[in-house]
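Just so we're aligned: the sequence shown equals residues 831 to 950 in the numbering used here. Read the structure below first, then the notes.
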Amino acid sequence: ATFLVRHANAHPDDIALLFELLQIFLHPTVVDFSFVKSFFIKAVEENMSSTNKKALLHKFFELLVDESQSEELKVHAMQLLVLPMLKSTLESEKESAGLGGQQPSASEEGVALGKEGVAN
Numbered sequence: 831a832t833f834l835v836r837h838a839n840a841h842p843d844d845i846a847l848l849f850e851l852l853q854i855f856l857h858p859t860v861v862d863f864s865f866v867k868s869f870f871i872k873a874v875e876e877n878m879s880s881t882n883k884k885a886l887l888h889k890f891f892e893l894l895v896d897e898s899q900s901e902e903l904k905v906h907a908m909q910l911l912v913l914p915m916l917k918s919t920l921e922s923e924k925e926s927a928g929l930g931g932q933q934p935s936a937s938e939e940g941v942a943l944g945k946e947g948v949a950n
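Here it is as structure tokens:
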């Protein structure tokens with residue numbers, strides 16, 4: 831598993847490898863794989879580009895509809911990859927909007943809400 835984590839660090843575009851790494855959590859073992867969980871969190875929260883995040887979601891949706899894959903693998907993918915990614919993305923968007931990002935003007939909000947012809 832250590833080799834695969836190092837490889838995944840060196841090749842962040844290899845989204846399929848992240849899903850392969852999830853396999854180690856499907857079987858009971860006495861080996862402590864908490865470093866892999868830490869890697870997942872760091873990889874998806876801090877180091878993943880938006881393109882790779884989209885690819886990860888597409889891969890996850892493919893996994894969801896694949897009936898040959900176990901439900902346990904799908905749950906691990908959601909817990910260790912998708913949820914941390916969504917959490918970090920939403921937090922960063924919230925920070926940029928609230929702590930220094932530009933707030934939309936009233937006219938921009940009207941356009942966004944479909945009220946472009948309504949007078950303020």
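Just so you know, even glycine gets a beta-carbon here, dropped at the ideal spot from N, CA and C. As the structure is a prediction and not an experimental result, all values here were calculated from the model.
### Task
Give the secondary structure of E826 by DSSP, where H, G and I count as helix, E and B as strand, and everything else as coil.
As shown, the chain starts at 831 and ends at 950. That puts residue 826 outside it, with no answer to give.
### Query
Measuring CB to CB, does L856 end up less than 8 Å from L903?
Position 26 of the sequence shown, counted from the start, is the residue given in the question as residue 856. Position 73 of the sequence shown, counted from the start, is the residue given in the question as residue 903. L856 is a Cβ neighbour of L903, given a cutoff of 8 Å.
### Query
How would you call L913, buried or exposed, if buried means at least 16 neighbouring beta carbons within 10 angstroms?
In the sequence shown, residue 913 corresponds to position 83, counting from 1. The residue in question, L913, is exposed, as its Cβ has fewer than 16 Cβ neighbours within 10 Å.
### Task
Output yes or no for whether 8 Å exceeds the beta carbon distance between I845 and L894.
The residue labelled residue 845 in the question sits at position 15 within the sequence shown. The residue labelled residue 894 in the question sits at position 64 within the sequence shown. Cβ distance not < 8 Å, so I845 and L894 don't count as in contact.
### Task
Identify, in the order they occur along the chain, each residue of the same chain with its Cβ nearer than 6 Å to the Cβ of E875, setting aside the five sequence neighbours on each side.
Position 45 of the sequence shown, counted from the start, is the residue given in the question as residue 875. Taken in chain order, the residues that qualify are P914 and S918.
### Query
How would you call A873, buried or exposed, if buried means at least 16 neighbouring beta carbons within 10 angstroms?
Here residue 873 corresponds to residue number 43 of the sequence shown, with the count starting at 1. By the neighbour-count rule (16 or more Cβ atoms within 10 Å), A873 is buried.
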